[in-house]
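Heads up: the structure comes next, in structure tokens.
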């Protein structure tokens with residue numbers, strides 16, 4: 001498990017590109033038959049990926065970094081399958097996840113195993129996990145059951161559908177909020193005009209991008225913006241003081257996960273376009 005420490009906005013102003021990438025970008029989330037995890041001290045958020053092909057992958061705790069006997073001893077987890085059909089078995093119950101299906105697993109589940117239905121067309125399970133204080137039931141969420149919100153327009157190049165999977169009006173959790181946003185063809189911007197939300201942090205995961213595609217992800221304080229070049233199946237940590245917006249070389253899909261003080265999706269501190277620098 002790779003550790004990422006919390007950041008101070010005053011210090012981040014002086015970071016060069018290498019330091020920004022080291023602290024905020026998670027470049028490698030999927031390695032065949034391995035569990036890849038990043039532990040952020042920002043809201044104790046864990047981001048990762050399970051990519052089973054010829055073997056099953058067990059969700060295991062890193063005793064040194066997590067201080068727990070099993071991964072979900074004091075945590076909850078949200079999973080979205082970005083690959084082909086796959087299976088997640090939770091304490092003996094198996095859930096079959098189609099592409100873009102999700103699964104919430106609550107506090108206390110001890111045995112979680114990932115596998116692909118067809119090794120030649122493997123599943124890829126993207127993972128967000130946060131600390132939890134109460135058990136909520138395990139729930140499977142198909143993308144057709146997610147709560148949709150249609151935002152933006154072609155005129156501003158940000159027409160998109162936000163699919164909410166784990167949220168107060170949908171699948172219940174202690175603090176994790178999670179969903180998937182799909183940009184319409186010929187649209188490249190997400191979340192612009194931008195915002196911050198000082199009451200919670202966020203992790204962005206970009207995918208469904210062509211091999212030569214990139215997203216320019218903007219971060220930093222509204223008057224001290226920075227950018228990172230993000231490629232397919234890479235993720236970023238967005239602390240509460242930072243904007244989080246991006247523009248791609250073509251349309252793309254991204255998964256957002258949030259943790260912190262509240263779960264209210266619309267609790268945002270909006271930044272006027274004339275105030276961003």
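In the UniProt record's numbering, the protein residues as written are 1 to 277. Note that beta-carbon positions come from the ideal geometry of N, C-alpha and C, so glycine has one too.
| Item | Value |
| --- | --- |
| Where residue 5 falls, given that 16 or more other Cβ within 10 Å makes a residue buried | exposed |
| Run of the alpha helix (DSSP H) containing residue 21, from where it starts to where it stops | 17-24 |
| Cβ-based neighbour list, residue 15, same chain, cut-off 8 Å, excluding 5 preceding and 5 following | 23, 226 |
| Beta-carbon separation (whole angstroms), residue 7 vs residue 77, contact threshold 8 Å | Their Cβ separation, rounded to whole angstroms, is 24 Å, which puts residue 7 and residue 77 out of contact at 8 Å. |
| Counted within 10 angstroms of its Cβ, other Cβ atoms place residue 258 as buried (16 or more) or exposed | buried |
| Secondary structure of residue 235, DSSP reduced to three states | strand |
| Residues of its chain near residue 58, where Cβ-Cβ distance is below 6 Å and the 5 sequence neighbours each way are ignored | 113 |
| Best match in 216, 72, 166 for proximity to residue 131 [C-alpha to C-alpha] | 72 |
| Residues near residue 142 by beta carbon distance below 6 Å, same chain, minus five either side | 101 |
| The alpha helix (DSSP H) enclosing residue 261, as first and last residue numbers | No alpha helix (DSSP H) contains residue 261, which DSSP labels as neither H nor E. |
| Residues bridged to residue 177 (per DSSP) | 258 |
| Contact between the segment 259-270 and the segment 150-170 (3+ Cβ pairs under 8 Å) | yes |
| Proximal residues to residue 111 (C-beta, below 6 Å), its chain only, five neighbours per side dropped | 91 |
| Nearest-angstrom Cα separation, counted from residue 164 out to residue 151 | 13 Å |
| Meets three-Cβ-pair contact criterion under 8 Å: the segment 26-44 and the segment 223-237 | yes |
| Alpha-carbon to alpha-carbon, residue 121 and residue 109 | 28 Å |
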